[in-house]
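One structure below.
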Amino acid sequence: MLLASSPFKEIRLDRMSRAFGSHNALKDVSLSIRKGEFIALLGPSGCGKSTALNCIAGLLSTTGGGIFIDDKRIDTLKPEDRGFGMVFQNYALFPHMTVRQNIGFGLKMRRVPKAEAEKRIEEALNLVRLQGQGHKLPGQLSGGQQQRVAIARAIVIEPPLVLMDEPLSNLDAKLRLEMRAEIRRIHNQLGATTIYVTHDQDEALSLADRVVVLRDGEIRQVGVPSDLYERPDHLDVAEFMGYRNRLTGKVIAVDGDKTSIAVGASTLSGIARDTLKVGDTAVVAARADDVVAGTKSGTTVEAVVETIEYRGREFVGTARTAEGLELVFHAPQTAALGSAIWLSVDPARALAFAA
Amino acid sequence: MISVTSTPSVNHLSLRQRLALRGIDGVTLLVLPAVIFLLAVFIYPFIYGLILSFEPKEGGMFANYQKFFSDPFLYDTILTTLWLAVPVTLISIAIALPVAFRVRLMTHQRLLTTILVLPVTLGTVLVAEGLLNYLGPQGWFSRTLMMIGVIDSPVKLTNNYWGVFASLIITGFPFTFLLTLSYVSGIDPALEQAAATHGAKSWQRFRYVMWPLLVPGLTIAFCLSFVQAFAVFPSAVLLGAPAGPTRVISIAAYQAAFEQYDYSMASAIAMIMAAVQLLIVVSLLSIRNLFYRGSTAGGKG
Numbered sequence: 025m026l027l028a029s030s031p032f033k034e035i036r037l038d039r040m041s042r043a044f045g046s047h048n049a050l051k052d053v054s055l056s057i058r059k060g061e062f063i064a065l066l067g068p069s070g071c072g073k074s075t076a077l078n079c080i081a082g083l084l085s086t087t088g089g090g091i092f093i094d095d096k097r098i099d100t101l102k103p104e105d106r107g108f109g110m111v112f113q114n115y116a117l118f119p120h121m122t123v124r125q126n127i128g129f130g131l132k133m134r135r136v137p138k139a140e141a142e143k144r145i146e147e148a149l150n151l152v153r154l155q156g157q158g159h160k161l162p163g164q165l166s167g168g169q170q171q172r173v174a175i176a177r178a179i180v181i182e183p184p185l186v187l188m189d190e191p192l193s194n195l196d197a198k199l200r201l202e203m204r205a206e207i208r209r210i211h212n213q214l215g216a217t218t219i220y221v222t223h224d225q226d227e228a229l230s231l232a233d234r235v236v237v238l239r240d241g242e243i244r245q246v247g248v249p250s251d252l253y254e255r256p257d258h259l260d261v262a263e264f265m266g267y268r269n270r271l272t273g274k275v276i277a278v279d280g281d282k283t284s285i286a287v288g289a290s291t292l293s294g295i296a297r298d299t300l301k302v303g304d305t306a307v308v309a310a311r312a313d314d315v316v317a318g319t320k321s322g323t324t325v326e327a328v329v330e331t332i333e334y335r336g337r338e339f340v341g342t343a344r345t346a347e348g349l350e351l352v353f354h355a356p357q358t359a360a361l362g363s364a365i366w367l368s369v370d371p372a373r374a375l376a377f378a379a
Numbered sequence: 009m010i011s012v013t014s015t016p017s018v019n020h021l022s023l024r025q026r027l028a029l030r031g032i033d034g035v036t037l038l039v040l041p042a043v044i045f046l047l048a049v050f051i052y053p054f055i056y057g058l059i060l061s062f063e064p065k066e067g068g069m070f071a072n073y074q075k076f077f078s079d080p081f082l083y084d085t086i087l088t089t090l091w092l093a094v095p096v097t098l099i100s101i102a103i104a105l106p107v108a109f110r111v112r113l114m115t116h117q118r119l120l121t122t123i124l125v126l127p128v129t130l131g132t133v134l135v136a137e138g139l140l141n142y143l144g145p146q147g148w149f150s151r152t153l154m155m156i157g158v159i160d161s162p163v164k165l166t167n168n169y170w171g172v173f174a175s176l177i178i179t180g181f182p183f184t185f186l187l188t189l190s191y192v193s194g195i196d197p198a199l200e201q202a203a204a205t206h207g208a209k210s211w212q213r214f215r216y217v218m219w220p221l222l223v224p225g226l227t228i229a230f231c232l233s234f235v236q237a238f239a240v241f242p243s244a245v246l247l248g249a250p251a252g253p254t255r256v257i258s259i260a261a262y263q264a265a266f267e268q269y270d271y272s273m274a275s276a277i278a279m280i281m282a283a284v285q286l287l288i289v290v291s292l293l294s295i296r297n298l299f300y301r302g303s304t305a306g307g308k309g
């Protein structure tokens, strides 16, 4: 393998901050990234994830804290001296250069000897499966191919760190899935340390070794995908991870982390993610697929069907409770609009947060 | 319309539909005023002048042209004009380019562009009058330099080449700058960022990314600014030495028409002027074709 990445142990963000005037876009972001790790920065738009990436790339200067590779401080360096590779949301390929020239750009700037540069470009072309396309201009390629060129251009310089700024958001749904697998494959093959910015939780969960959830410029939670998916620390992280149903009620019983909460006339249970005691107001959060239509019992919530749609194996719909709460549910068969149904919430998968 | 809906054959298209398929519809008529205008004020005078130039006061058909190219007092005006127009245009672009690179990142772009456009609205004569006072032997410029002891006697900056030069730069720069700014800001900023993150220093970013993408636009800017400068007349008379170093081609044409009342000769000079401009513009545009001229965006969306 010719393409490799330079030796180092870890990249450390130490209370990295960025303010725009009085607005803090990033507040004390601290994170240590091991060599070879794939990190996803996940959050809704405006959460500071792109700001964080631009600060790491050097395209924005930080207003506080530092960035280190092992013990070397790099946040004082210009972007061209950091030696990172970056994949941009709109690809940012040089339109007047061929695919080969685009990929070889970083090598040319580093004055890599021509013979070696040619070999590395060839290998990068193979890696992103664009053999035989090297002579084309970016304008002659499809969106997916352009993004492959952008990836090849970033990895061919063997950077200690590859930065990706929502690289798939301009592709259509089918291509996005393909490229996602491709990015994962390239990462597995090269092991390049990667920071990947996205607002798509599926992308983050499927690609990353660790996911960093940002909100309002602060880290809310860092964890492996399954941690975030099953055990979000905060209600807002849970919401972002797909816990779309939220029911507020009073805690009536606590047994370890199993918590029973009275919501209207029914009793729901979930796993406590905050310290809750009897009498507290709490929110039960559940994913759509953990709320299932069934028969009436003491632990079901009654609601009126508002929409229902066919999703292949099952139906997904929304229903409104007597209190006016909207719930998203799954159902094995269709239900008439306006009819009353009983929804049960899986107690092993529902979470309880302090309200 | 009725025939289309009532005939059973769906393959039959009405005349209106067939014209519409070729892009001709009612809106097409709106170009008529422009066509008439072009014919009346451009095509007709041009052809009239061209024919007039071949009907000299005396001699054969080409007598005017023979006269022009055999008299150094006449044919030297081409070089004199080029010697003004080419450096003025090049220097305008050379100043406009770095300024545009900075301005494109500014938030108060509009204010600055307004200030820069003002000289255009002043008109050449006002600028010339101002320069006569400012750069003249008793003007502030010389007096200030003398006061701080840089020079002993006033520098001569009016009624010669440099007066016209300065005036052309002042009146031509805003136009050149605005054109340049539009080309510079048309380049996706992500391209420069991509170049920077992949290791290009600021000079390399300019050399390998910005410059190749700018050349086609700058060529256009050069052509338009050059044509403007080549037609210099008022400042060459007011600020220059119209009998000598700044006897530009339009002065020769003016003298032929209104001092010697030889309209035929004046037309010939105007035709030669047009030919020189056309030659330079066409050759620049064909060089431009050698460069990449496509989109200057880095990808889609």
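Listed in order, the protein sequences are those of chains A and B.
The opening position of the first sequence corresponds to residue 25 in our numbering, with each subsequent residue numbered one higher.
The opening position of the second sequence corresponds to residue 9 in our numbering, with each subsequent residue numbered one higher.
C-beta atoms are modelled at their ideal positions from N, C-alpha and C, and glycine is treated no differently.
Under the three-state reduction of DSSP, E61/A is assigned to coil, being neither helix nor strand. Assignment of G341/A by DSSP, reduced to helix, strand and coil, places it in the strand class. The Cβ neighbour count for E206/A, taken over all protein chains shown within 10 Å, is at least 16; the residue is labelled buried. Among the residues of the stretch 219-231 of chain B, those with a Cβ less than 9 Å away from any Cβ of chain A are P220 and L221, in the order of the chain.
Chain A places a beta carbon closer than 9 Å to that of H206/B, counting this residue as a contact. For K73/A, the closest Cβ of chain B is not nearer than 9 Å. Sequence-distant partners of G322/A (beyond 5 residues in either direction) whose C-beta falls short of 7 Å from its own C-beta, in its chain, are S290 and T291.
Positions of the beta strand (DSSP E) runs, each at least 3 residues long and wholly inside the stretch 296-328 of chain A, are given as 305-310 and 315-318 in order along the chain.
For G302/B, a Cβ of chain A is located within less than 9 Å of the residue's own Cβ. Among the CB atoms of chain B, none fall inside 9 Å of the CB of I93/A. For L105/B, no CB of chain A lies under 9 Å from its own CB, so it is not counted at the interface with that chain. Counting C-beta pairs with one atom in each stretch, the stretch 311-331 of chain A and the stretch 356-375 of chain A have three or more that are closer than 8 Å, which means they touch. Neighbours of L120/B in chain A, taken as residues whose beta carbon is under 7 Å from its own, are absent, since the nearest beta carbon is some 22 Å off. Of all residues in the stretch 173-202 of chain B, the ones placed with a Cβ closer than 8 Å to any Cβ belonging to chain A are D196, A198, L199, Q201 and A202, in chain order. Assignment of beta-bridge partners to D279/A by DSSP yields K282/A. Of all C-beta pairs linking the stretch 297-314 of chain A to the stretch 25-38 of chain B, fewer than three are shorter than 8 Å, placing the two stretches out of contact. Between the alpha carbons of I177/B and V96/B lies a distance of about 6 Å. When DSSP states are grouped into helix, strand and coil, M188/A belongs to the strand group. For the pair R200/A and T227/B, the Cα-to-Cα distance works out to about 40 Å. CA-CA distance, A278/B to M69/B, rounds to 16 Å. Nearest Cα to V369/A within the set G158/A, A309/A, H223/A and R134/A: A309/A. For F62/A, the closest of A374/A, H223/A, R208/A and M265/A by C-alpha to C-alpha distance is R208/A. Close to Q146/B, with beta-carbon spacing below 8 Å, lies no residue of chain A; the smallest spacing is near 51 Å. Using a CB distance cut-off of 9 Å, H159/A does not count as an interface residue toward chain B. M133/A and F62/B have their C-alpha atoms roughly 59 Å apart. A residue is called buried when at least 16 other Cβ atoms come within 10 angstroms of its Cβ; G144/B meets this threshold and is buried. Under the three-state reduction of DSSP, Y271/B is assigned to helix.
Distance from the CA of D257/A to the CA of F32/A, rounded to the nearest whole angstrom, comes to 32 Å. For S193/A, the secondary structure class from DSSP, reduced to helix, strand or coil, is coil. Taking 7 Å as the cut-off between beta carbons, the residues of the stretch 125-139 of chain A near chain B are F129, G130, M133 and R134, in sequence order. Taking 9 Å as the cut-off, the beta carbon of R234/A is found closer than this to the beta carbon of V246/A. A distance below 9 Å separates the beta carbons of A174/A and Y115/A. With a contact defined as Cβ atoms closer than 8 Å, L292/B and F238/B miss out at about 13 Å. It is roughly 58 Å from the alpha-carbon of I276/A to the alpha-carbon of S166/A. For S46/A, the three-state secondary structure derived from DSSP is coil.
Within the model, the alpha-carbon separation for V111/A versus A178/A is close to 6 Å.
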